[in-house]
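Numbering (this note's numbering), first residue to last: 2 to 659.
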């Protein structure tokens with residue numbers, strides 16, 4: 002048997018090919034004899050061909066200019082983590098390169114020293130400039146040893162070599178690489194998007210001295226309060242079901258894996274599939290058969306108990322010495338809570354370090370997966386990623402090589418609605434003012450508080466058998482476009498209530514977090530409330546000869562809340578039927594300008610399906626154990642008036658001439 006010393010020093014044996022191909026998705030265009038549409042189709046085809054050519058040339062450049070090696074790097078507890086390393090061919094004692102690392106649970110494939118990734122850095126510029134690129138299967142995934150733990154809890158006080166977490170695994174990996182990878186310059190950077198963004202955040206805790214720059218991108222921070230699987234305790238059914246069907250499968254021993262296996266829904270209609278599923282409890286009995294351990298964990302922990310609290314990385318983001326560039330997208334339907342709160346936690350707990358946040362008009366990972374020119378029914382007028390990507394590259398080049406320091410504000414944010422980048426020395430901007438958009442009679446919305454002392458209300462019937470859809474798209478995978486979609490389909494429903502401002506006489510810019518204050522009553526004993534902020538276009542807004550966006554109601558931000566958590570996420574409390582109750586909850590930040598001539602709208606509803614699972618509306622201690630018979634129709638009332646000031650609280654950025 003080989004000793005651990007020999008195993009760590011020798012490159013891993015070539016393994017079965019498991020190449021992950023990078024595909025480029027292009028929206029389909031309707032066929033038409035119209036000359037304009039034919040031209041658009043040709044243009045789209047040309048753009049697709051250009052991207053395919055660029056991807057091919059990029060892959061060829063990597064194959065010609067980099068040498069690939071595979072290692073098993075030892076951790077302090079003896080487990081070996083599989084690591085792929087790509088080294089520039091011209092690396093030498095006189096030409097040393099920094100290490101740029103990404104740790105992932107999604108496989109470092111393709112496996113085998115002769116099998117190459119088709120992209121190594123966030124953009125091709127990294128590969129041309131030269132870095133030692135490192136990809137590592139995190140503990141317990143694919144070819145790495147050990148047990149995988151979802152959102153592995155951080156251990157602040159490590160008392161022995163068996164106390165391991167993602168921070169210690171990152172530290173041990175860097176320590177080994179600095180000592181063993183030839184021709185490195187002693188500097189390490191780390192980046193990653195989504196789950197790899199979480200590993201980047203974790204790697205920055207108790208930073209290794211060689212770790213000089215980190216970029217957590219769409220990092221997961223808290224899977225109960227805001228990222229991916231829950232929103233304010235409300236369960237993201239569609240995402241969790243599809244994701245854990247594949248990702249949650251047990252991996253008893255190291256393997257190259259067979260790749261992602263999508264669940265066979267048997268229909269393209271996700272809304273109908275999940276409606277037919279009934280209670281979340283039926284997922285196990287009908288499909289998972291208790292074979293998805295983390296699904297079982299989710300359904301066993303319906304409240305914010307220690308299981309979820311220990312997986313909240315935010316309180317542990319301390320002792321960070323590296324420069325930090327946190328990146329996110331205003332239209333990220335998975336992880337917007339993460340980057341916003343990662344930046345805030347690092348800023349509070351690590352005074353004096355270089356800490357920057359960038360939020361652009363992007364979906365999940367859109368800053369390197371798309372052009373960033375549009376999302377849903379929002380169009381930004383240009384390819385916004387072309388402004389951002391050189392700045393990110395300059396960040397890593399400065400801290401890992403000798404490049405000039407990028408001139409970048411601490412908070413570099415894209416202002417939707419006005420479609421421009423703006424820099425601030427803090428986020429939210431210090432000059433933003435707290436205001437409230439109050440609900441009034443006859444569907445009016447105003448910054449003025451209501452004067453009428455009489456209790457007034459808007460009411461609607463919430464029926465779990467006919468939940469409000471969150472999108473008009475017909476698909477089983479969670480939508481990435483609903484976040485900026487026209488909401489007129491919802492406005493017309495009787496179970497959605499709306500309040501709308503007068504036509505704005507001047508621009509109104511909201512910059513920072515939102516919060517909802519609702520005074521409500523329900524005839525059941527539990528309820529969800531979804532609050533949506535919407536930008537309403539003027540009645541006539543002609544974009545071109547074929548498109549008029551008049552009266553379009555574009556979603557700016559939406560957030561659900563499970564009313565059982567109104568006194569804290571740790572304990573669920575039933576609602577008292579027909580008793581007016583205050584429900585207050587946080588909503589993710591916005592940076593949006595409602596232009597003059599537009600209106601501001603706020604909508605309230607009690608379902609957002611199947612993005613969020615249906616509330617049975619009769620209280621059960623564990624909502625995931627609700628029986629189909631627990632789902633009841635209920636009447637919900639939203640009160641407003643001087644004594645019941647239901648409102649959306651916002652931060653308004655004053656104009657320079659105010």
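Cβ coordinates follow ideal geometry from the N, Cα and C atoms, glycine included.
Predicted model only: the values in this text are computed from it and were never measured.
For residue 643, the closest C-alpha among the options 451, 592 and 217 is that of 451. Residue pairing from DSSP leaves residue 262 without any beta-bridge partner. In the displayed model, residue 103 falls within a strand according to three-state DSSP. The Cβ-Cβ distance between residue 581 and residue 564 does not fall below 7 Å.
For residue 334, the closest C-alpha among the options 326, 632, 612 and 647 is that of 612. A distance below 8 Å between beta-carbons, with the five flanking residues on each side excluded, links residue 139 to the following residues of its chain, in chain order: 82, 104, 105, 106, 145, 149, 167, 170 and 200. In this model, residue 336 and residue 152 are separated by some 14 Å (Cα to Cα). Residue pairing for residue 617: DSSP places it in no beta bridge.
In the three-state reduction of the DSSP assignment, residue 220 falls in the coil class. DSSP places residue 521 in the uninterrupted beta strand (DSSP E) bounded by 509 to 523. Residue 89: member of the beta strand (DSSP E) spanning 81 to 89, first to last residue.
Linking residue 46 to residue 465 through their CA atoms gives a straight-line distance of about 43 Å. When secondary structure is reduced to three states using DSSP, residue 296 falls in the helix class.
Taking one beta carbon from each stretch, the stretch 170 to 190 and the stretch 66 to 77 have 3 or more pairs nearer than 8 Å; the two touch. The C-beta distance from residue 544 to residue 377 rounds to 15 Å, too long to meet the 8 Å contact threshold. Straight through space, the alpha carbons of residue 277 and residue 413 are spaced by roughly 44 Å. The alpha carbon of residue 246 has as its nearest neighbour, out of 287, 224 and 448, the alpha carbon of 287. Cβ neighbours of residue 265 within its own chain (closer than 6 Å, five residues either side excluded): none. Residue 629 counts as exposed, since fewer than 16 other beta carbons sit within 10 angstroms of its beta carbon. Under DSSP, residue 461 forms a beta bridge with 637.
When 502, 470 and 520 are compared, the shortest CA-CA separation from residue 456 is found for 520.
In the DSSP annotation of this structure, the continuous segment of the alpha helix (DSSP H) that includes residue 197 starts and ends at 196 to 205. Burial check for residue 252: the Cβ neighbour count within 10 Å stays below 16, so the residue is exposed. Residue nearest to residue 322 within the set 190, 658 and 299 is 190 (criterion: CA-CA distance).
Unbroken beta strand (DSSP E) runs of no fewer than 3 residues, entirely contained in the stretch 519 to 605, are found at 529 to 537, 543 to 545, 554 to 563 and 582 to 595, following chain order.
The C-alpha of residue 502 lies about 10 Å from the C-alpha of residue 440.
Rounded to the nearest angstrom, the Cβ distance from residue 269 to residue 571 is 39 Å, too far for a contact under 8 Å. Nearest C-alpha to residue 125 among 213, 559 and 62: 62. Taking C-alpha positions only, residue 559 is separated from residue 53 by approximately 36 Å.
By the C-beta density criterion, residue 421 is exposed, having fewer than 16 other C-beta atoms within 10 angstroms. One thing to note: residue 211 has its Cβ no nearer than 7 Å to the Cβ of residue 324. Going by C-alpha positions, residue 399 is about 21 Å away from residue 93. If only uninterrupted beta strand (DSSP E) runs of at least 3 residues are considered, those enclosed by the stretch 123 to 207 are 133 to 138 and 185 to 194. For residue 332, the CB contacts under 7 Å within the same chain, skipping 5 residues up- and downstream, are 362, 363, 364, 376, 484 and 485 in chain order. Inter-residue distance for residue 589 and residue 514 is about 6 Å (C-alpha atoms, whole angstroms). The continuous beta strand (DSSP E) containing residue 361 extends over residues 356 to 361.
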